[in-house]
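K.L.:
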Amino acid sequence: MAIQWYPGHMTSARKKAAETMASIDVIIEVVDARLPEASTNPVVRELRLQRQRPCLKILNKADLADPAATKAWIDYYNRQEGVKAVALSCKHHGDVGRIPSLCQPLAPHRNDNTKQLRMMIMGIPNVGKSTLMNALVKRKIAKVGDEPAVTKSQQTHQLSVRHAITDTPGLMWPKIEHPSDGLMLAASHAVGRNAIIDEEVAVFLADLLLLRYPALISARYGFPVEGIDGVAVVEGIAIRRALRMRGGEPDFEKASIVLLQDYRTGALGRISLETPETRRMMLGERLQPASDADNTPAPDAA
Ligand code: G4P
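Be aware that the sequence shown starts at -5, since it is given in the working numbering, and climbs by one per residue.
Below, the structure is given as structure tokens:
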């Protein structure tokens, strides 16, 4: 499923973000801890590298993610130059309070007690940027909402004499390169409901859960999962929850929404949709046909 979603305000948001970055010391890039790479906007990475700005990478919603996968991601990002990664939950104000002091060492030239540290929050819609901003400024200035792209204009706030922070509208990218990223983003509600079909996303999620967290399905819905596929999981949910259509058939659409909601709210348990290892495998598989072709000896080369 290729999701293309680049409304006009996203184009102007990108331009404005590029301009603002010139007068910023540290980028705070917020991603979803459950799918850190799929929720990393390559445009943010590109702008950041262009301007050579250090980055505090926040793996937000860590309360919903699998702790072992989150740890693997933190190690992975901390190996990247100019990046410091932390996992937190923006809903915990204690976690958020640490952010300015985590940014400070990334810009040592602004650490002389006279210069203000200028930070900028970036990230795709729905990763928690507004929640983070509200917690940082300790009042409600950014609208929090579960529909993507709620933050629409750029704002700068003085956190103290030493720290200022600017937020940017959620930045989407012109085309999501890997179909599974589109499905992970849809499962996590980072792309709007009109852009995707709940049933397709639910089956993708069910297949992934069968592979990595089968016990969580049985624990939540009370049926065994041995030998079944994602479609059967969604049907099983419809049957267990008595979700039926008029003719008595299992209501696949309603059961899909139940599964997606249970994942999104954490009712299913702490789940990560990708790990550095699964990401590496996914990228390797996608590259395989091309490299196979490259390695195929020419007919006269034997
Ligand atoms: P955005 O600005 O990046 O678009 O994201 P926003 O802050 O609007 O957050 C999107 C949703 O994610 C909100 O849910 C918000 O509460 C939730 N959220 C943000 N940070 C965290 C976190 O660390 N953990 C968890 N579990 N959820 C988080 P919502 O359903 O729209 O609002 P609410 O009813 O939860 O307030």
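Ideal Cβ positions, reconstructed from N, Cα and C, are used throughout, including at glycine.
None of these values were measured; they are calculated from a predicted model.
#1: Using a 10 Å radius around the Cβ and a threshold of 16 neighbouring Cβ atoms, would you call M239 buried or exposed?
#2: Under 8 Å: do the region 54 to 68 and the region 15 to 35 share three or more Cβ pairs, one atom per stretch?
#3: S124: buried (16+ other C-beta within 10 angstroms of its C-beta) or exposed?
#4: Under 9 Å between the Cβ atoms of H87 and A129?
#5: Please tell me whether C97 and V24 are closer than 9 Å, where the distance is taken between their beta carbons.
#6: If you count every other CB in all the chains shown that lies within 10 Å of the CB of A232, and 16 or more means buried, which is it?
#7: Whole angstroms are fine: how far does the CA of L202 sit from the CA of R214?
#8: Around the C-beta of A7, are 16 or more other C-beta atoms found within 10 angstroms, so that it is buried, or is it exposed?
#9: Are the region 46 to 54 and the region 246 to 253 touching, with three or more C-beta to C-beta distances below 8 Å?
#10: Applying the 10 Å Cβ sphere with the 16-neighbour rule, what's the burial state of H183?
#11: Opposite E23 in the DSSP bridges: which residues?
#12: With distances taken Cα to Cα, identify the nearest neighbour of R112 among S266, Q149, L82.
#13: Give a single yes or no on whether L50 has its beta carbon closer than 8 Å to a heavy atom of the ligand G4P.
#14: To the nearest angstrom, how far is it from the Cα of H151 to the Cα of H172?
#15: Drop a sphere of 10 angstroms on the beta-carbon of T259, count the other beta-carbons inside from all chains shown, and report buried for 16 or more, exposed for fewer.
#16: Would you kindly report the start and end of the unbroken alpha helix (DSSP H) that includes H87?
#17: Just verifying my parser: in three-state terms, what is the DSSP assignment at T160?
P.N.:
The short version:
#1: Reading the sequence shown from its first residue, position 245 is the one you call residue 239. Exposed: under 16 other Cβ atoms inside 10 Å.
#2: yes
#3: On the sequence shown, residue 124 is found 130 positions in, with the first residue counted as 1. Looking at its Cβ environment, which holds 16 or more other Cβ atoms inside 10 Å, S124 is buried.
#4: Locating residue 87 in the sequence shown gives position 93, where the first residue counts as 1. Locating residue 129 in the sequence shown gives position 135, where the first residue counts as 1. With contacts defined as CB atoms closer than 9 Å, H87 and A129 qualify as a contacting pair.
#5: Indexing the sequence shown from 1 puts residue 97 at position 103. Indexing the sequence shown from 1 puts residue 24 at position 30. No, these two residues do not count as a Cβ contact at 9 Å.
#6: Walking along the sequence shown from the start, residue 232 turns up at place 238. Classification for A232: buried.
#7: Locating residue 214 in the sequence shown gives position 220, counting from the first residue. Locating residue 202 in the sequence shown gives position 208, counting from the first residue. Looking at the two C-alpha atoms, the distance is approximately 16 Å.
#8: Your numbering for residue 7 matches position 13 in the sequence shown. Classification of A7: buried, given that the 10 Å Cβ count is 16 or more.
#9: The count of Cβ pairs closer than 8 Å, one atom from the region 46 to 54 and one from the region 246 to 253, stays below three, leaving the stretches out of contact.
#10: For this step, residue 183 is matched to residue 189 along the sequence shown. Flag for H183 reads buried.
#11: On the sequence shown, residue 23 is found 29 positions in, with the first residue counted as 1. E23 is bridged to K51, M116.
#12: Numbered from 1 along the sequence shown, position 118 holds the residue referred to as residue 112. In terms of CA proximity to R112, Q149 leads the group S266, Q149, L82.
#13: Here residue 50 is taken as the residue at index 56 of the sequence shown, counted from 1. No.
#14: On the sequence shown, residue 151 is found 157 positions in, with the first residue counted as 1. On the sequence shown, residue 172 is found 178 positions in, with the first residue counted as 1. So the two alpha carbons sit approximately 36 Å from each other.
#15: Counting from 1 along the sequence shown, the entry for residue 259 is found at position 265. Exposed is the call here.
#16: Residue numbering aside, residue 87 sits at position 93 when the sequence shown is read from its first letter. Where H87 is concerned, the enclosing alpha helix (DSSP H) stretches over 87 to 90.
#17: The count along the sequence shown starts at 1 and reaches residue 160 at position 166. It is a strand residue.
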